[in-house]
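Report on the following structure.
Residue numbers (our numbering), protein chains in the order written: chain Y, 664 to 1116; chain C, 664 to 1116.
This is how it looks when you write it as structure tokens:
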């Protein structure tokens, strides 16, 4: 929160307590809806309801649409019906659909009853699409005109739709069966003579997406073609809605958080959680995973157990267990990070991935050799035994090479079998390399010590 | 690459070999510049130069601007001067500035000579701003009008600027000293009567950023206020440029990659590297870090060495070393991931962070207790000794609690001392918890075994 907004927040609370409602209304009218939303978030539940009651429908609608869905739901369900209606009427259909999906069926049913039949139909239709598809994130508020109209008619249509079409940076052109056939930017419209027929100036190679397209793919398309909105069509090429760039930014951020969470071994479900809410959902999401990894790590314990007779004779071997396992885990995590991100952003595709895996293997060879020599010498000086130095050095070299290869190969293999490569997280790969590093370390120790002892 | 584009690529190569240039030109004219860029990327250097020579200036400029900077530089430096001029004239000033910054001074100087003096001045000015600031990512192509103009005059100005102002979704309003005083969207302009004075319909509370503002902050502002572009002003409030939403998307993606790389212990410098290029820069960026962590992990080795007499007597203790260290590392990485991402997206700020740290500590307590009981029982069954079970269970509980607390506290502390919390990566925190987990494990073992042996 910026300092100015904190000042406004303090003033708001004072004015609320003193019931100076006209002054409060004037103060809040100055705010951008996004700032108003930030302010609402900081208020207690009762204060928040009092503030929303003071706001005009359009302002309240815009501010509420900026809030997180659980907060939106909490506010709207507390309002008097006529006030809820005033706000829902002003919200865009996709925002209403997202909000109603948060509510119990009887609550959302009651709110739908308040809306005009046309709006309610739009909202019901949007609620029917899975939330992570183009249909789930699109809005039905767009400007569409027929190809045989003139520029002046298009401008008149824009004027007619003006209040609700905040999303009108493109005008879409449809044929008599409402199929998408072209597009015009507002700039193209504004600079054309008024009596021009749309068909003669529209662009016909329109980039569009199908209602069932995955939201991440929709975002990639908007990003690739630098669009401000992308039209969404159904199987019959009929224009059903548009996805605007502000929603695309939210999708990209959501996907980035999802990838970051997975890389850190946190379920993407936790993204939806209130950071200050109950701890139990977070525990439910993290515990099985952490417990699973603990059991998986017992495999490396089993390897160590197998070699305890050896450690009984050469106790110095135990000293380097964490260095061996930790180093392999870190090297694997680095390679994994580069490959998973490359696959996620689409920078790596097709045969390119194998070249990247091969590249990681060569990086692993060089890094392994350098670290092996340095750590081997260190171990020798520490322990005084050249054999321990040789065991540590050789094991580090082989472990880091294997770790780089595993870190880059595992996500590629996961993707080839049809899963999201992001499920291969740092903690997962580190637990796997715990076992391989113990196997390598103690096997090399056995071979070398058998030769010299 | 989609299948259709692969077909076009194959056709392109055939037409090039058979010197059927007119057919090739017709084929390429069908493509969107973003697709054309993808196609150029797949061609050999010579083929690429031949294709660029065939393209019209505006098409070539748009396609080249979509490529990565090193590829742009490779193409432009190979062109004949008159062709380079045709392309640079069509590129937007910010794209030219980015491209020239990639070249050697004499090369960029020669290209600047080719441009009109006005364009060259714009480009030189943009090259003067640090690349990760608003000034570094803004374009100087925007539409600005004076407040006393009419709507019709604004539309005429738009018509005049039309060819190069691809970014005209807002019209900015300035006073006689070129200071930003208002804004109008194209939609507002299009629906207003032509003789309306701009001043009477413009919005005056314009969100703007300073030329020196960090690019991530610029992106957050565009995202928060759902803007399509944000105006950039200098110390005197004079309008200097605009940052458009497509550049904001690139910034957000770059920052997400940076955060993901840091979380995985990869330097953000590697993001700029060609995944198929030389391995040495990647080695230079990863090796010091990996080697540093290996040395840091020797501290945990030192702890183990201190307790080797104990392990000599109770060899079963060695079996659980990797489980103990790995479990703590994984638990810490989870907490770290949630906190670092929360700080990066601005979801967590001010006093809120302490509530989140406290929340992680409670999550750690519950998860630690459950994992401790389960792993303790498992260890007891495995080893047959209830004392080993107690040692493992108690150590897991304490280690996971400490790990969650450390994982959430470390990034907060790093931020408080003024650094980017993302420098606390999974591998770093895991290496730290290696040592604490060994200390906890062997201390508990010493206490319990002293009591019973």
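Don't be surprised by glycine CBs; every beta carbon is placed ideally from N, CA and C.
Are residue i and residue j close, meaning C-beta to C-beta below 8 Å?
i: residue 1053/C; j: residue 1034/C; result: no
i: residue 1069/Y; j: residue 1095/Y; result: yes
i: residue 908/C; j: residue 881/C; result: no
i: residue 806/Y; j: residue 820/Y; result: yes
i: residue 993/Y; j: residue 953/C; result: yes
i: residue 834/C; j: residue 849/C; result: yes
i: residue 1119/C; j: residue 690/C; result: With chain C represented from 664 up to 1116, any question about residue 1119/C goes unanswered, as that position is not in the structure.
i: residue 814/C; j: residue 867/C; result: no
i: residue 843/C; j: residue 896/C; result: yes
i: residue 706/Y; j: residue 694/Y; result: no
i: residue 1000/C; j: residue 923/Y; result: yes
i: residue 1071/C; j: residue 998/C; result: yes
i: residue 1090/Y; j: residue 928/Y; result: yes
i: residue 893/Y; j: residue 870/Y; result: yes
i: residue 1085/Y; j: residue 1007/Y; result: yes
i: residue 1087/Y; j: residue 1074/Y; result: yes
List the residues of chain C that residue i touches, going by C-beta distances under 8 Å, in chain order.
i: residue 983/Y; result: 964
i: residue 975/Y; result: 975 and 978
i: residue 858/Y; result: Neighbours of residue 858/Y on chain C: none; closest Cβ ~16 Å, over 8 Å.
Starting from the beta carbon of residue i, find every residue of chain Y whose beta carbon is closer than 8 Å, and list them in chain order.
i: residue 665/C; result: Residues of chain Y passing the Cβ test: none, with the nearest at roughly 11 Å.
i: residue 797/C; result: Per Cβ cutoff of 8 Å: no residues; residue 797/C is ~17 Å from chain Y at best.
i: residue 920/C; result: 1004 and 1008
i: residue 942/C; result: 1022, 1025, 1026 and 1029
i: residue 832/C; result: 832, 849, 850 and 891
I need the boundaries of the alpha helix (DSSP H) containing residue i, first residue and last residue.
i: residue 907/C; result: Where residue 907/C is concerned, there is no enclosing alpha helix (DSSP H), although the beta strand (DSSP E) it sits in stretches over 902-907.
i: residue 783/C; result: 780-790
i: residue 969/C; result: 943-969
i: residue 833/Y; result: It is not in any alpha helix (DSSP H) - residue 833/Y instead sits in the beta strand (DSSP E) that spans 833-837.
i: residue 808/C; result: That residue, residue 808/C, is in no alpha helix (DSSP H); its beta strand (DSSP E) goes 807-809.
i: residue 988/C; result: 984-1007
i: residue 820/C; result: 814-824
i: residue 862/C; result: 861-864
i: residue 1059/C; result: 1049-1079
i: residue 1104/C; result: 1089-1115
Mark residue i as exposed unless 16 or more other C-beta atoms lie within 10 angstroms of its C-beta, in which case mark it buried.
i: residue 655/C; result: Because residue 655/C is not part of the residues shown, which for chain C are 664 to 1116, the question remains open.
i: residue 911/C; result: buried
i: residue 1047/C; result: exposed
i: residue 826/C; result: Low per-residue confidence applies at residue 826/C: pLDDT is 49, beneath 50, and the placement is therefore not dependable enough to give any value.
i: residue 1099/C; result: buried
i: residue 963/C; result: buried
i: residue 725/Y; result: buried
i: residue 863/Y; result: exposed
i: residue 915/Y; result: buried
Under 9 Å Cβ-Cβ, which residues of chain Y neighbour residue i?
i: residue 681/C; result: Going along chain Y, no residue has its Cβ under 9 Å from residue 681/C, so there is no contact; the nearest lies around 26 Å.
i: residue 883/C; result: Chain Y residues near residue 883/C: none, gap ~10 Å exceeds 9 Å.
i: residue 670/C; result: Under the 9 Å cutoff, chain Y gives no residues; its nearest Cβ is about 15 Å from residue 670/C.
i: residue 1062/C; result: Those do not exist, as residue 1062/C stays about 11 Å from chain Y at its closest Cβ, beyond 9 Å.
Output the boundary residues of the beta strand (DSSP E) element that contains residue i.
i: residue 848/Y; result: 843-848
i: residue 892/C; result: 892-896
For a contact meaning CB atoms closer than 7 Å, what does residue i contact in chain C?
i: residue 1097/Y; result: 985 and 989
i: residue 887/Y; result: 697
i: residue 909/Y; result: 889
i: residue 960/Y; result: 985, 986, 989 and 990
Using a C-beta to C-beta distance shorter than 7 Å, which residues of chain Y count as neighbours of residue i?
i: residue 846/C; result: Going along chain Y, no residue has its Cβ under 7 Å from residue 846/C, so there is no contact; the nearest lies around 12 Å.
i: residue 957/C; result: 986, 990, 1034 and 1038
Run through chain C and tell me which residues come within less than 9 Å of residue i, C-beta to C-beta.
i: residue 864/Y; result: Those do not exist, as residue 864/Y stays about 13 Å from chain C at its closest Cβ, beyond 9 Å.
*Would you be able to state if there are at least three C-beta pairs under 8 Å between the segment 1079-1093 of chain Y and the segment 1023-1039 of chain Y?*
no
*So does the segment 778-785 of chain Y actually touch the segment 745-763 of chain Y, counting three or more Cβ pairs closer than 8 Å?*
yes
*Contact between the segment 969-980 of chain Y and the segment 986-1006 of chain C (3+ Cβ pairs under 8 Å)*: no
*Three CB pairs or more closer than 8 Å across the segment 864-880 of chain Y and the segment 676-690 of chain C*: no
*Spell out a yes or no on whether the segment 732-745 of chain C and the segment 709-717 of chain C are touching, meaning 3 or more CB-CB pairs, one atom from each, closer than 8 Å.*
The answer is yes - the segment 709-717 of chain C touches the segment 732-745 of chain C, with three or more Cβ pairs under 8 Å.
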